[in-house]
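> Below is one structure. I have some questions about it.
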Amino acid sequence: LAKTTQPISMDSYEGQEVNITCSHNNIATNDYITWYQQFPSQGPRFIIQGYKTKVTNEVASLFIPADRKSSTLSLPRVSLSDTAVYYCLVADTGKLIFGQGTTLQVKP
Amino acid sequence: GAVVSQHPSWVICKSGTSVKIECRSLDFQATTMFWYRQFPKQSLMLMATSNEGSKATYEQGVEKDKFLINHASLTLSTLTVTSAHPEDSSFYICSAPPIGQYNEQFFGPGTRLTVL
Chain X
2 LAKTTQPISM DSYEGQEVNI TCSHNNIATN DYITWYQQFP SQGPRFIIQG
52 YKTKVTNEVA SLFIPADRKS STLSLPRVSL SDTAVYYCLV ADTGKLIFGQ
102 GTTLQVKP
Chain S
98 GAVVSQHPSW VICKSGTSVK IECRSLDFQA TTMFWYRQFP KQSLMLMATS
148 NEGSKATYEQ GVEKDKFLIN HASLTLSTLT VTSAHPEDSS FYICSAPPIG
198 QYNEQFFGPG TRLTVL
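Protein chains in written order, with this note's numbering: chain X, 2 to 109; chain S, 98 to 213.
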């Protein structure tokens, strides 16, 4: 069973900030939190990874509260090309168990 | 970032034939690679863990005699779907973490298998 829970779908408009929250109540001490993006008929693409607090890179930010039981992926100013499925995963090794992910639909 | 390739990107075969899919890490070595299957509008399902120089580890419900995995080198793992049937039609994706960096996972572009 996947160790995470996410909303099944979200809608947004171009230029808006999108926040996707993931619950992982049973996260283990050694688990990292990683977010992937997947377009149809492509392999998942790494977005961001963190262990605690806040992580930011050129495409997104990841907010992790102190208890680490949830995390929020923040996508600033989304565009139509950000329409995809976003997966949140927690793991301490390479073995990843995917949940259903969040389908983000960005509208013009 | 590190690159993982898959070959072929798509394949169509007749029922009863076997199909081999290759997964290569192009600029890093991996002692472990993972194989996933994804049906339309569904999430990725982990099938097996490929271990260099030893037997693969299969997830519950995955037939090891049907999905043969070989990890012959630190940069290549192969998945052979034996006696393929239409229900094996799916999108097969591999992934690999670089040695010593097991919390980083790089995915291949996937292989679309269609069995007629």
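Each residue gets a CB set at the ideal place from its N, CA and C atoms; glycine is no exception. For clarity, every value in this text was computed on a predicted model and none was experimentally measured.
1) Suppose contacts are defined by Cβ-Cβ distances below 8 Å. Is Arg134 (chain S) in contact with Tyr189 (chain S) by that definition?
2) Are there 16 or more other CB atoms within 10 angstroms of the CB of Ala67 (chain X), so buried, or fewer, so exposed?
3) For a cutoff of 8 Å on Cβ pairs, would you count Thr146 (chain S) as touching chain X?
4) Taking Cβ-Cβ distances below 9 Å as the criterion, which residues of the region 77-99 of chain X are in contact with chain S?
5) On a Cα-Cα basis, can you pick out the residue from S:Gly158, S:Phe204 and S:Ala153 that is closest to Val101 (chain S)?
6) The region 198-210 of chain S: which residues have C-beta closer than 8 Å to a C-beta of chain X, in chain order?
7) At 8 Å on the CB atoms, spell out the chain X contacts of Ser187 (chain S), in chain order.
8) Please list the partners that Ser140 (chain S) has in chain X, where partner means a Cβ-to-Cβ separation under 7 Å.
9) Classify Ala153 (chain S) as buried or exposed, calling it buried when 16 or more other Cβ atoms lie within 10 Å of its own Cβ.
10) Would you mind telling me which residues of chain X sit closer than 7 Å to Ile190 (chain S), beta carbon to beta carbon, in chain order?
11) When you compare the CB of Tyr33 (chain X) with every CB in chain S, is at least one pair closer than 8 Å?
12) Check whether the Cβ atoms of Met130 (chain S) and His168 (chain S) sit closer than 8 Å, and answer yes or no.
13) Please tell me whether Leu143 (chain S) has its Cβ less than 8 Å away from any Cβ of chain X.
14) In this structure, how does DSSP classify Leu123 (chain S) when only helix, strand and coil are distinguished?
15) Spatial neighbours of Ser174 (chain S) within its chain, please: C-beta separation below 6 Å, excluding the five flanking residues on both sides.
16) What number of angstroms, rounded off, separates the C-alpha of Tyr37 (chain X) from the C-alpha of Asp124 (chain S)?
17) Take every Cβ of the region 13-21 of chain X, pair it with every Cβ of the region 38-56 of chain X, and state whether three or more of those distances are shorter than 8 Å.
18) Out of X:Glu59, X:Ala29, X:Pro45 and X:Val60, state which residue places its alpha-carbon closest to the alpha-carbon of Gly102 (chain X).
19) Looking at chain X, which residues of the region 109-133 of chain S have a Cβ within less than 8 Å of any of its Cβ atoms?
This is what the structure holds:
1) What you label residue 134 (chain S) is simply residue 37 of the second sequence in a count that begins at 1. What you label residue 189 (chain S) is simply residue 92 of the second sequence in a count that begins at 1. Yes. Within cutoff.
2) Mapped onto the first sequence, residue 67 (chain X) falls at position 66. Answer is exposed; the Cβ neighbour count stays below 16.
3) Here the question's residue 146 (chain S) lines up with position 49 in the second sequence. It does: the Cβ of Thr146 (chain S) has a partner Cβ on chain X nearer than 8 Å.
4) Val86, Tyr88, Leu90, Ala92, Asp93, Thr94, Gly95, Lys96, Leu97, Ile98 and Phe99
5) One-based indexing of the second sequence puts residue 101 (chain S) at position 4. Closest by alpha carbon: S:Phe204.
6) Tyr199, Asn200, Glu201, Gln202, Phe203, Phe204, Gly205, Pro206, Gly207 and Arg209
7) As a position in the second sequence, residue 187 (chain S) is number 90, starting the count at 1. None at all; the shortest Cβ gap to chain X is about 12 Å.
8) Counting from one through the second sequence, the residue named residue 140 (chain S) turns up at place 43. Those within 7 Å of Ser140 (chain S) in chain X are Phe99, Gly100, Gln101 and Gly102.
9) The residue labelled residue 153 (chain S) in the question sits at position 56 within the second sequence. Classification for Ala153 (chain S): buried.
10) Your numbering for residue 190 (chain S) matches position 93 in the second sequence. Chain X residues near Ile190 (chain S): Gly44.
11) Within the first sequence, residue 33 (chain X) is the residue found at index 32, counting from 1. Chain S contact via Cβ: present.
12) Locating residue 130 (chain S) in the second sequence gives position 33, where the first residue counts as 1. Locating residue 168 (chain S) in the second sequence gives position 71, where the first residue counts as 1. In contact: Met130 (chain S) and His168 (chain S) (Cβ atoms closer than 8 Å).
13) One-based indexing of the second sequence puts residue 143 (chain S) at position 46. Yes - at least one Cβ of chain X is within 8 Å of the one on Leu143 (chain S).
14) Reading the second sequence from its first residue, position 26 is the one you call residue 123 (chain S). Three-state result, Leu123 (chain S): coil.
15) Walking along the second sequence from the start, residue 174 (chain S) turns up at place 77. Only Cys120, Met130, Ser147 and His168 meet the Cβ criterion.
16) The residue labelled residue 37 (chain X) in the question sits at position 36 within the first sequence. The residue labelled residue 124 (chain S) in the question sits at position 27 within the second sequence. Going from the Cα of Tyr37 (chain X) to the Cα of Asp124 (chain S) covers about 21 Å.
17) no
18) Within the first sequence, the letter at position 101 stands for residue 102 (chain X). Considering only alpha carbons, the answer is X:Pro45.
19) Thr129, Phe131 and Tyr133
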